[in-house]
Each structure stands twice: as C-alpha cells, then as structure tokens.
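Following: one structure in structure tokens, then a few remarks.
Protein chains in written order, with this note's numbering: chain A, 557 to 971; chain B, -17 to 264.
This is how it looks when you write it as structure tokens:
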C-alpha cells in the first residue's frame, strides 16, 4: 500500500439543532449563564455522519455516492478541513484544495487577474507561485483579454472556467471535488477531466462526490456508498455502484432495500438466486486454476423464485487488490431478455483466457436492466492463472519474438 | 504508514491563541492581498479613486470647522482651534468604530470563502483591522497639515510629543484588534449584534471626551462615568500626544495600555473558543 494522503477514522458529525435565533437563546443568557463557554451537548442535534472510516492513498481517487442527505458533502467538508468532526479524527497530508463551488469568493469589482491571485493564495499558493502559473490559468480558462476586466463583466462560463483553473493550478496533494465537473460545455468538461487525470498521475489523492455514476465509474478507483450518514458499502467501484443502482431501483419499485448477506458482499431481492458460480476448464470440469491462454468458462447456475421478463446476467473479474480486469453482461453484449421461468445456468466462454498469471476474483450478478439486483454476489469465486513465465500486469496475449539483428539464444522448448 | 515530515505529515487541526497568531503570520501574504483588494474595490469606479481616502477626512474637518466656528461656537478650553481638537479625538474613534462595525458583518459577508474555499476565518478580522488602520494613517497627514496651518496663523504651537505618535497609536491598534475578533465571532452567533453595536457606539461616543473635555462635564455621577469610560484614557493619550503637546500622566498611559491588553486578551480568547463553530453557523 502506498503512502496515505487522507485518513478518516471513526468520524461522526452532529449538527446542532439550533433554535431559530441561533446557538444561544439570547445574548443575555449566553453571558449570564455561561452558555458561551459550555461545550455543546453532544447528544443534541442531527447526526449527519457516523462511523465513517476512509483511507485514500496518494494518487488514488475515491468517490462518495449515495442519495441526497446521506452525508456526502459533510464528509467532503470534513476532509477539506472546513468542518470539524464531532468524534473521530480526520488527518490529511499536504495541501488540500476544495472544488465545492467554482469561483466562490471572486470579488465582482476587481479584475480577473487580481481575483486569480487572491483565490490562488487562498488555495495555499504564494503570490509568486500564482504569478508563475498565471499564463497557464488564463490559457486553461480561455478568458483571453477579459482577464484584466472586472469579474462582473465575465460570462457565467468564463467565471466557472476561471474558478476551476485556479483551483487545479494549485496542484494540491489532496483535492476534494463536490459535483462541479458537470458545469460548462462539453469541451470544457473534457478539459477538466483531462486535468483531473493529470493530477491523478501526479499523485494527487482525490475525493469525489457525485451523482453522476458514469463519471464515478470512469474516475474512481474505489467508492464509498453512504446512506443516512452511515457507510453501506465500500470497495471497488463497479460493485459499489451496482449496489447503489440496485438500491435506487428497488426503492423506485417501492420495495424495501435489498436484503444483504455475507458481510455486505452479497445483496439482492432474491427473485432469482445464483446457486453456483465456478470456473470451468476446456472439458467443462470445475477447476480452481487454469493455464494462461487456454480455453475456460465461467458458469452461473441460478434458481428462479419469481419468473422474470427483465433480467441481465453479468460477471466482473478483478485482481485481489480491487483493480478491475474485465467485466461484461448479457445486456452489454446485446442479448434481450425474454423470459426467465425455470432454474438453469448461463455460461460465458473464453476460447483463450489471456490473463497474466496470478489470482483473480469474480463478481457475478443477475439483475434487472435498470440495475435492480435479484442477486449480486461480490467475490463469489476466485481462481488462479498459471503461466510458465511470471508476466506482470493482467493481460497476457499470445505473442512471439522475432529477431533480425540481435544474436539471442532461444529459451529451452517447453516440455 | 510513512508520513513525511513538514507539510507532508498527516496533521489534525488544533487551535489555541498561539495557533491563531501562527496562522495569521503564515497567511500574511493573503492578508495583505486582501487588504489591497479591500482598498481597491472600495474606490473602483470612482473618478477620484484613492484621493477619497484623503478627501474624506479633509471634508470632515471642513464641516466641523464650519459648524463649530460659525453655527455653534464651541466653548472648549483649549489652546488649539476647536476643529483641530475635535478632529484629533474623532480620528481614532472613527478608526475604532469603523473597524468594529465592519467586524460585525465581515464573517457573514465572506461566508462563501469560509465555506467553499476553506479560508481560515481569522484572516478576515485581521484584514478589517489593517484596512481601517491604513485609512487612519492616510488621514493623519490631514491633521498635521491642519495643525501646520494653525501654527502658521499663530493659533497653536507644534507639539514635540508628536514624535511619540506610534506609542499613542499602539493601544488603539491592540484594542481594536481584540474587539474586532470579539465582535466578528459573536456576530456570527448573534445577528442582532450589528444593530445593537450601532447604538452602543453612539452612546459610548457621547460618554467619551471627544467633542468636549472631561472638565466641561458637571461634577458628579456623569463626570465619574466619563472618567471611568475605558475609551477616555485612550482618547486622552492620543490627543495629548498628537495635538496638545502635553505628556499624559503615567496613570493615563497605564490605563490605556491595560484597556488595550484586556480587549486583546478577551477578543482572541473568545474567537479561538468559537472558531470551530463559526464556519457551520455563518
């Protein structure tokens, strides 16, 4: 595990439920009865977040998803240092930049250039550092000669572009992003995503709050799913996002949230249940390991409790560290569901399983097209891929070397 | 985990009064830029620009001269022209009351910066104090030019004590800093403070020997109230040194500095105490 940039341990945040007039009933009461000096009662108020643990390594991107009022933004503000936790600790290494509202704090009367200096300094840069990055900022925000005009003359697009440019120019060690990547036109959104990717490569730890699940899947290595201030699930992004989609779909269908089993790694409404998920070798026997490049298949056996007309079978393969290797489902590959009535099985066959040697973990699921999970099983099966050579990575295509020039001795022929 | 040294180390926020000073020192660059912004934005779009910083006190002095020589001739026993006497008391008062009134809205006005750009809150009261101090320093030459005119006309003598101006100004700066921190933090929790403050300051203004000398107040309860007013020694020190050319008594100096230190102590202690709740209440 590489160096940690953010460590959140056992954090809860309670917002005091204050009377209309503020924290203290009156100035008199505050002064006479000493309310001003007394700690606020920890048991009063609204618990926005509780029992949250989160670690983000350098260069890692973690997304927080969940319905509204689930505590996402509170968590983000805690990491940014804007709020302080009621219990637990929040530790952050290095400089934090928050992208919560683009251009927040621009002063309308003074020029774009002066605003950039002030905003950049608020993001922790020195005046000289801002000056050095100014040409890049002006170029990135694409505001041209307007940079010397008062901010109040800027179009709203120029305003948010300049806000984004200043914030990311700071090259923070930790970046927290709250739902701001959706602003601006397509071209600018792409530019923002490119810049985020550059920061990721540079080692910036990113905490992202978004309702845009496609964006989360694209950017986040891991995802934390919060509901009513409590963590529901945390882990590699595809599974967590699927879980969230399923919960949203079941809620829309008016059902209770999915039943959860096996330590939070399996959920669904059990209308269809996966009874077995296993790796098969070429002759079709269940095996625990397979040679790289040989044929193999994954078999999903299921039992139907309630017949369905809307169903998708899917699998995902990832490494033990959570990095995604491959995933697909019947819907993605173009199969339209007709009827699912009797128990049976589904196989996905790989004529040549071109995986690098190592251990792999399989998630399997049967769910509705909209995401409602019948049965979603994470890490339901693991298998080992062997190879004569310990190739790194996860892809090991058939290959051969051809030399015209160098003198080499061929490896001994395989027995 | 390998937490690197310095800025790289994982650190949780903790704040005491020392920490407040450390933050202010670390953010000095930002504070100066914000003061600059404050001064620039103030006169942006006006024809005369920075000249207003000079013109405002000149016009104020002109108005008071007119009113108190032609309309209601004042009977204050001083050896300098009354408008100058008044002006020398008014200048530090305007510095203090202006900064305090700004303090009552400064955190609320900068709410977006506190909540969304995570600017440390103590930066803003500091900016308020400094920008008002800059205005005060810009107005000081007007006092000295006015004094010069009076000297040339044979109506006053130039006070050698003016060399001690920094010592007379220091208690004002310290006291105003403390009170600005105090008011800024309290105003977030008590929105009524802003209106209350206006009236309190009016009352205090007339309880302070600015437009009069304490000797003019009828003996008894009222005179005692004026003398017990903590602002009184501060005004006396300032006016004695800058205008009247007399050295205040050691007791007056002591009172002024004691008032300043107490204000500073109370203000920063309260600000630090309320600091964590400021951002979520703004």
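The beta carbon of each residue, even a glycine, is placed where N, CA and C say it ideally should be.
Residue 11 of chain B versus chain A: which residues are under 7 Å apart at the beta carbon?
Near residue 11 of chain B (Cβ distances below 7 Å), the residues of chain A are 677, 682 and 683.
Helix, strand or coil: how does DSSP classify residue 615 of chain A here?
Coil at residue 615 of chain A, not helix or strand.
Can you list, in chain order, the residues of its chain with a C-beta nearer than 8 Å to that of residue 77 of chain B? Leave out the 5 residues immediately preceding and following it.
If we look at residue 77 of chain B and ignore the five residues flanking it on each side, its Cβ neighbours are 114, 115, 117, 118, 154 and 158.
From this set, A/941, A/700, A/670 and A/683, which residue's C-alpha is nearest residue 835 of chain A's C-alpha?
Closest option to residue 835 of chain A, Cα to Cα, is A/941.
Give the DSSP-derived three-state secondary structure of residue 639 of chain A in the structure shown.
Three-state DSSP puts residue 639 of chain A in coil, outside helix and strand.
Determine the DSSP secondary structure at residue 789 of chain A, reduced to helix, strand or coil.
Strand at residue 789 of chain A.
Note down, in chain order, each residue of its chain lying with its Cβ closer than 6 Å to the Cβ of residue 598 of chain A, except the 5 sequence neighbours on either side.
Only weak support exists for where residue 598 of chain A lies, its pLDDT of 48 falling under 50; the value from the coordinates is given anyway. Cβ within range, chain order: n/a, list empty.
How would you list, in chain order, the residues of chain B whose beta-carbon sits under 8 Å from the beta-carbon of residue 657 of chain A?
Correct list: 94 and 98.
Mapping DSSP to helix, strand and coil, what is residue 950 of chain A?
Coil at residue 950 of chain A, not helix or strand.
Counting only runs of 4+ residues fully inside the region 666 to 741 of chain A, write out the alpha helix (DSSP H) ranges in chain order.
Counting only runs of 4 or more, we get 668 to 678, 683 to 697 and 712 to 725.
In the DSSP assignment, find the unbroken beta strand (DSSP E) run with residue 831 of chain A in it and report its ends.
Element bounds for residue 831 of chain A: 828 to 836.
May I ask you to report which of helix, strand or coil DSSP gives residue 763 of chain A?
Three-state result, residue 763 of chain A: strand.
Taking just the CA atoms, how far does residue 749 of chain A sit from residue 743 of chain A?
Between residue 743 of chain A and residue 749 of chain A, the C-alpha separation is close to 10 Å.
How is residue 808 of chain A classed by DSSP in three states: helix, strand or coil?
It is helical.
Determine which residues share a DSSP beta bridge with residue 869 of chain A and list them.
In the DSSP output, where bridge partners are listed per residue, residue 869 of chain A has A/922.
Cβ atoms of residue 890 of chain A and residue 921 of chain A: under 8 Å apart, would you say?
No, the Cβ-Cβ distance between residue 921 of chain A and residue 890 of chain A is not below 8 Å.
So is residue 806 of chain A buried or exposed if we call it buried at 16+ other beta carbons inside 10 Å?
It is buried - the Cβ of residue 806 of chain A has at least 16 other Cβ atoms within 10 Å.
On a CA-only basis, which of A/672, A/640, A/660 and A/673 is nearest residue 94 of chain B? Give me that one, please.
Of A/672, A/640, A/660 and A/673, the residue nearest in Cα terms is A/660.
Could you pull out every residue in the same chain whose Cβ sits closer than 6 Å to the Cβ of residue 140 of chain B, ignoring the five residues on either side in sequence?
Excluding residues within five positions, the ones whose Cβ falls inside 6 Å are 133.
Would you say residue 663 of chain A reaches chain B, if we count a Cβ-Cβ gap shorter than 8 Å as a contact?
For residue 663 of chain A, the answer is yes, since a Cβ of chain B falls inside 8 Å of its Cβ.
Only counting runs of 4 or more residues, tell me where the alpha helix (DSSP H) segments fall wholly within the region 155 to 204 of chain B, in order along the chain.
Taking only runs of at least 4 residues, the alpha helix (DSSP H) segments lying wholly in the region 155 to 204 of chain B are 175 to 189.
Taking buried to mean at least 16 other C-beta atoms within 10 Å of its own C-beta, is residue 954 of chain A buried or exposed?
That one is exposed.
Which of helix, strand or coil does DSSP assign to residue 853 of chain A?
If DSSP states are grouped into helix, strand and coil, residue 853 of chain A belongs with the strands.
Output the distance between the C-alpha atoms of residue 958 of chain A and residue 967 of chain A, rounded to the nearest integer angstrom.
Using only the alpha carbons, I get a separation of about 13 Å.
Taking the alpha-carbon positions, what's the residue -6 of chain B to residue 565 of chain A distance?
Per-residue confidence for residue -6 of chain B stands at a pLDDT of 38, beneath the threshold of 50, marking its modelled position as unreliable; the derived number appears in the next sentence. Answer to the nearest angstrom: the Cα atoms are 12 Å apart.
List, in order along the chain, the chain A residues whose C-beta lies closer than 8 Å to that of residue 273 of chain B?
Given a span of -17 to 264 for chain B in the structure shown, any question on residue 273 of chain B remains unanswerable.
At a Cβ cut of 7 Å, what residues of the region 618 to 646 of chain A count as close to chain B, listed as they run along the chain?
Under the 7 Å Cβ criterion, the region 618 to 646 of chain A contributes 636, 637, 638, 639, 640, 645 and 646.
Using a Cβ-Cβ distance cut-off of 8 Å, determine whether residue 670 of chain A contacts chain E.
This model lacks chain E altogether, as its protein chains are A and B.
When DSSP labels each residue in this structure, what does residue 34 of chain B get in the three-state scheme?
Helix.
At the 8 Å Cβ level, is residue 565 of chain A part of the contact set with chain B, yes or no?
No, no contact with chain B.
Determine the contact status of residue 102 of chain B and residue 5 of chain B, defining contact as a CB-CB distance below 8 Å.
It is a contact, given that the beta carbons lie within the stated cut-off.
Where do the N-terminal and C-terminal ends of the alpha helix (DSSP H) with residue 236 of chain B fall, by residue?
Note, residue 236 of chain B: alpha helix (DSSP H), 232 to 263.
Which first and last residues belong to the alpha helix (DSSP H) in which residue 76 of chain B is found?
Looking at the DSSP string, the run of the alpha helix (DSSP H) that includes residue 76 of chain B is 64 to 91.
In angstroms, rounded to a whole number, what distance separates the CA positions of residue 685 of chain A and residue 910 of chain A?
Their Cα atoms are separated by approximately 48 Å.
Leaving aside the five residues before and after residue 170 of chain B along the sequence, list all residues of the same chain whose C-beta is less than 6 Å from its C-beta, in chain order.
Answer for residue 170 of chain B: 89, 260, 263 and 264, listed in chain order.
From the DSSP output, in three-state form, read off residue 960 of chain A for me.
Residue 960 of chain A falls in the coil class under three-state DSSP.
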